[in-house]
Amino acid sequence: MKGPRFGMLLVTLLALFGAYLVSTGQPAQAAETLLSQGRPTLASSVESAAFPAAAAVDGDNGTRWASSFADNQWLRIDLGSAQAISRVLLRWEAAYARGFQLQTSNDGNEWLSVYSTTAGTGGEQNLVVNGNGRYVRVLVTERATQWGASLFEFQVFGGTPGGGPIVRVAEFLADCPFTHGLPDDPIVFPNLPGASHMHSFFGATVTNANTTVQDLVNSPTSCNPAEDKSSYWVPTLYVNNQPVEPTGTTFYYLGEGVRDDVIARTQPLPFGLRIVAGNAKATGPNDNTISRWSCLHAGDAGAGHDFINCPAGSMLESYLDFPQCWNGRDLDSPDHKSHMAYPVNGECPASHPVPVPKLRQVLRYPVNGPTAGFRLASGGGYTMHGDFFNAWPPAEMERRVNDCIRPIIKCGANGHP
């Protein structure tokens, strides 16, 4: 009796395993390993004994390393032996690095750069790298604030980024730091310089009241990836009448909020598309606004349509989702919204039958505490809104939709898993 029961059990398990492979559609991959947790550290400096180097590898988001108030500071991790390195996660405190390098070494003396930027965004940065070495360090070449560099966590991984099977999330993204501020809006007030309230612009560096899509195509961009020549803008945040620009500026392109079969027929965002999301004329938190505010690494602080009082060490976050159903005809409309619609019950409405990636705008501002002196150029926090002028090269947009959105795969800024 024992043999037949075992045989039936084995057959059942094999069938379930086969069903799993069919349902995921992806083979298992080598698991990702956190290599840096609790490993020995060394820093060029510390602000004080309260912020030691070891605090950045203890797995505790409530502790941090902080350097002296100077550039060219570094934090080094000893992995114990030479390791293949596939990903580095940096979780910055409000005092972050605008310019930094990730470097590896086998002896702690000769260093090889595996990542470099002069447009760091702060917040949480997930960086896919290809390196090898016993030692890994972050070298801060340019601080973004008057303070030193400060990291809650500095994590080094080996193996497949993401670990295990490819993550079943339909996503690609662009990190586009702040470029400039102007009282212009080429969507709402085209060819009328100074006609708008003050806006903070991200992405294409040339955007002004007269900007056309061809101007964007020919413009330098702050975005990673550099292929994204789009322009994004929001009303400027003021704290006690002083402008404050976000230090974390990520624009996610998502396939969510609709059924999987709708995701599978998602079309690229059309070149030259213009969209405005949010309600700039809202008179209160419940006045038809979809924007929301929260606090970085402080979920217990709550969330809402107006500003949130964030605890010390946190940052104020703004989230805004753009509509993902297009009417299939118009690149704009008189109110800059009617050519787009939000899905209903997981499906695009018949009036707007073409599903496109959902743009999610996530901004992190280096402020916290009481919000009495906070305002947007458009009014209260509930007036947060966003403008998007699409200038992705059509072939790049198509590739990301085909490789990331339709098959429901989480991709990075480079458009790869």
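When the sequence shown is numbered by this note's numbering, its final residue is 424 and no position is left out of the sequence of numbers.
Note that the Cβ used here is the ideal one computed from N, Cα and C, for glycine as well.
Simplified DSSP state of residue i, which is helix, strand or coil
| i | result |
| --- | --- |
| N409 | helix |
| I92 | strand |
| L223 | helix |
| T212 | coil |
| T124 | strand |
| D342 | coil |
| I282 | strand |
| A357 | coil |
| T390 | helix |
| P401 | helix |
| D337 | coil |
| A379 | coil |
| V64 | helix |
| D192 | coil |
| G306 | helix |
| G169 | Its pLDDT being 45, under 50, G169 is placed unreliably in this model, and the value from its coordinates should be taken loosely. Three-state DSSP puts G169 in coil, outside helix and strand. |
Identified DSSP bridge partners for residue i
| i | result |
| --- | --- |
| A50 | L82 |
| R105 | None; R105 has no bridge partner. |
| C332 | A348 and P362 |
| D313 | In the DSSP output, where bridge partners are listed per residue, D313 has none listed. |
| D182 | N231 and T257 |
Beta-carbon gap between residue i and residue j smaller than 8 Å
| i | j | result |
| --- | --- | --- |
| C230 | G210 | yes |
| I84 | G138 | no |
| F208 | S237 | no |
| A50 | W81 | yes |
| G285 | M391 | yes |
| T111 | V121 | yes |
| L327 | I297 | yes |
| Y260 | L366 | yes |
| D192 | P200 | no |
| T273 | I412 | yes |
| P350 | V265 | yes |
| E354 | V269 | yes |
| R79 | V147 | Residue identity check: residue 79 is Asn in the sequence provided, not Arg. Their beta carbons are under 8 Å apart, which means N79 touches V147 by this criterion. |
| V53 | A73 | yes |
| V369 | V251 | no |
Whole-angstrom distance between residue j and residue i, CA atom to CA atom
| i | j | result |
| --- | --- | --- |
| A216 | F164 | 45 Å |
| A319 | H359 | 44 Å |
| G291 | H312 | 9 Å |
| Q36 | R94 | With a pLDDT of 43 at Q36, under the threshold of 50, the predicted position of this residue should be treated as unreliable, and no value is reported. |
| F107 | L97 | 11 Å |
| V361 | H204 | 33 Å |
| R71 | F278 | 43 Å |
| N248 | V213 | 26 Å |
| E160 | D235 | 29 Å |
| T124 | R105 | 8 Å |
| R406 | C418 | 11 Å |
Chain D within 8 Å of residue i, Cβ atoms only
| i | result |
| --- | --- |
| Y389 | Protein chains in the displayed structure number just one, and chain D is not present. |
>> I'd like the ranges of any beta strand (DSSP E) spanning at least 3 consecutive residues and lying wholly in the segment 223–303.
In response: With a minimum length of 3 residues, the continuous beta strand (DSSP E) runs that stay inside the segment 223–303 are 238–242, 244–246, 249–251, 255–261, 281–285 and 299–302.
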